[in-house]
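Enquirer:
Number of protein chains: 2
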Amino acid sequence: MARRGDVLELAVLGLLQDSPMHGYELRKRLNAMLGSFRAFSYGTLYPCLKMLLEKGWIRESDGERAKERPAHALSGRRGRIVYQLTAEGKERFASLLAGSGSAAWEDEQFDVHFAFFSRTDAQTRLKILEGRRTRMQERLEKAHEAAHRTRERRDRYTLELQRHAEESMEREVRWLDDLIDSERRRADEPRSGSRRTRPSESTREGDS
Amino acid sequence: MARRGDVLELAVLGLLQDSPMHGYELRKRLNAMLGSFRAFSYGTLYPCLKMLLEKGWIRESDGERAKERPAHALSGRRGRIVYQLTAEGKERFASLLAGSGSAAWEDEQFDVHFAFFSRTDAQTRLKILEGRRTRMQERLEKAHEAAHRTRERRDRYTLELQRHAEESMEREVRWLDDLIDSERRRADEPRSGSRRTRPSESTREGDS
DNA sequence: GTTAGCATGTAAGGAGTTACATGATTTT
DNA sequence: AAAATCATGTAACTCCTTACATGCTAAC
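In order, the protein sequences belong to chains A and B. Per this note's numbering, the very first residue in the first sequence carries number 896; after that it's consecutive. Per this note's numbering, the very first residue in the second sequence carries number 896; after that it's consecutive.
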């Protein structure tokens, strides 16, 4: 039952899936990944890590410390607490992805969910994209209607603002249409005979 | 020095400029005007009205009550506390508009400021639009650079997300360009008479 | 006469930021 | 040795929402 605050949790769990990391770097990746939409501060991240520890979804991996750091300082600077997923953490992540209800296509969560689509099964991807599309369409219609209702008593600037907002929404709907299309096409030509449910792997691209 | 929370204040003061209103209706107009971006709840609005009262920027106008309601219920339903601007409120609104520093083109305030452009002088309009443009351009470049830095280890979905975000920002920049253009054209053909400062190009200094 | 919508208000809390406090390591 | 950067963490605060409490008026 994804609450609102699960955004960070999902993102952290997702990033740790790739490789163990300490908070500071986690934050950098987080903000590189979602930077255009949102940015989290340490005041948000560290308490979240603490909570994930308590829940048993991540643990400190003292032996692991930054193995693959390329050039500088293999020496292991002091503080660095490297976290890694536990088995329960992996389960938790999977269930957050799969069990995403309607919250997954709301503004606060859609981008994060989308960012982890590579680890999401095709069915869920489609469900989220379609949910989002419907949501955007609704919003667009509501806005359009409201704009029509109040088109008197509006000056050129509020009209322009309205117009621009509607255009943005239309653009987003078209974007989602393309994505949905592309998802369906991929689903129709799988790389072999597998009909339906191939939830776990089949979509992994090469990384990490 | 416009704080963050001045958004609602500005909006309420601006709406009351048109005509006295009670809270319930104020909220409807507010959300019709800004609906696409944000929506305020009563839990936000009423405390704000209380504060504006205390500051002396609005006052209850008991005689005024909904004079021009078109069809239903001129009878004056119970609660309805109609507010109107005081002289200080008008001043306050004017100074919020004119004195808008860099905060005016940040995400939280830009749309509200834009919505009241009809009541804003040409110089300030241009300043805000240009500030916003610069801000968006910066953000776009930062995102583009970050995208380039991390283009390895990115799957098709995060790439797509990135691409879409960049496109949205480019679109916004173009939109602002058009608006700035149109503002300049309007400034170059004033409807005669009015002397005062020529806001054509040299307006780039005044940041508070 | 009860339901639906209008209208005002408050208390609790969620989600995040800023500013602070602390200290190690690297670079200059 | 100073400055910059890396790194962790907390406390206070902001801003807003949700849920509740209250009661009028209109309509069925």
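The beta-carbon is built from N, C-alpha and C at its ideal position, and this holds for glycine as well.
Using DSSP with H/G/I as helix, E/B as strand and the rest coil, what is A/I1075?
Expert: For the purposes of this step, residue 1075 of chain A is taken as the residue at position 180 of the first sequence. In the three-state reduction of the DSSP assignment, A/I1075 falls in the helix class.
Enquirer: So the beta strand (DSSP E) B/R933 belongs to, where does it begin and stop?
Expert: If you number the second sequence from 1, residue 933 of chain B lands on position 38. For B/R933, there is no enclosing beta strand (DSSP E), as DSSP marks it with neither H nor E.
Enquirer: Between B/H1039 and chain A, is the shortest Cβ-Cβ distance under 8 Å, so that the two count as touching?
Expert: Taking the second sequence and counting its residues from 1, one reaches residue 1039 of chain B at position 144. False, the Cβ-Cβ gap to chain A never drops below 8 Å.
Enquirer: What span of residues does the beta strand (DSSP E) with B/E1001 cover, start to end?
Expert: Residue 1001 of chain B sits at position 106 when you count from the first residue of the second sequence. Run containing B/E1001: none; DSSP gives neither H nor E here.
Enquirer: Quick one: what does DSSP say A/I860 is sitting in, helix, strand or coil?
Expert: Beyond the ends of chain A as shown, which are 896 and 1103, falls residue 860 of chain A; an answer cannot be given.
Enquirer: Relative to chain A, which residues along the segment 992-1007 of chain B have a C-beta separation below 8 Å, given in chain order?
Expert: D1006
Enquirer: Of all the residues that make up the segment 1025-1055 of chain A, which are near chain B by a beta-carbon distance shorter than 7 Å?
Expert: A1038, A1041, T1045, D1050, Y1052, T1053
Enquirer: Pull up the distance between the alpha-carbon of B/V837 and that of B/R987, whole angstroms please.
Expert: Residue 837 of chain B is absent from the structure shown; chain B starts at 896 and stops at 1103.
Enquirer: Anything in chain B within Cβ reach of A/S1013, meaning under 7 Å, just list it in chain order.
Expert: The count along the first sequence starts at 1 and reaches residue 1013 of chain A at position 118. Within 7 Å Cβ-Cβ: D1050, Y1052.
Enquirer: DSSP three-state label for A/R1044, please.
Expert: Residue 1044 of chain A sits at position 149 when you count from the first residue of the first sequence. Here A/R1044 sits in helix by DSSP.
Enquirer: Between the beta-carbon of A/A1041 and the beta-carbon of B/A927, is there less than 8 Å?
Expert: The residue labelled residue 1041 of chain A in the question sits at position 146 within the first sequence. The residue labelled residue 927 of chain B in the question sits at position 32 within the second sequence. Result yes, Cβ atoms of A/A1041 and B/A927 sit closer than 8 Å.
Enquirer: Using a Cβ cut-off of 7 Å, pull out every chain A residue sitting near B/H1059, in sequence order please.
Expert: Here residue 1059 of chain B corresponds to residue number 164 of the second sequence, with the count starting at 1. Neighbours of B/H1059 on chain A, chain order: W1070.
Enquirer: Excluding the 5 residues flanking B/E1061 on each side, which residues of the same chain have their C-beta closer than 8 Å to its C-beta?
Expert: Here residue 1061 of chain B is taken as the residue at index 166 of the second sequence, counted from 1. Result list for B/E1061: L1035, A1038, H1039, A1042, in chain order.
Enquirer: Name, going along the chain, the residues of the segment 930-943 of chain B whose beta-carbon falls closer than 8 Å to a beta-carbon of chain A.
Expert: G930, S931, F932
Enquirer: Mapping the DSSP letters down to three states, classify A/E1084 as helix, strand or coil.
Expert: Position 189 of the first sequence, counting from 1, holds the residue named residue 1084 of chain A. Looking at A/E1084 - three-state DSSP - the assignment turns out to be coil, as it is neither helix nor strand.
Enquirer: Going by the DSSP bridge assignment, what does B/R1030 pair with across the sheet?
Expert: As a first step, residue 1030 of chain B is located in the second sequence; it is residue number 135 there, counting from the start. Per DSSP, none; premise fails for B/R1030.
Enquirer: I'd like to check one pair, B/L992 with B/I1075: are the Cβ atoms closer than 8 Å?
Expert: Taking the first residue of the second sequence as 1, we reach residue 1075 of chain B at position 180. Taking the first residue of the second sequence as 1, we reach residue 992 of chain B at position 97. In this structure, B/L992 does not lie closer than 8 Å to B/I1075 by Cβ.
Enquirer: Interface residues of chain B around A/A1017 at Cβ under 7 Å?
Expert: Start at 1 with the first residue of the first sequence, and residue 1017 of chain A comes out as number 122. What A/A1017 touches in chain B: nothing, since even the nearest Cβ is about 12 Å away.
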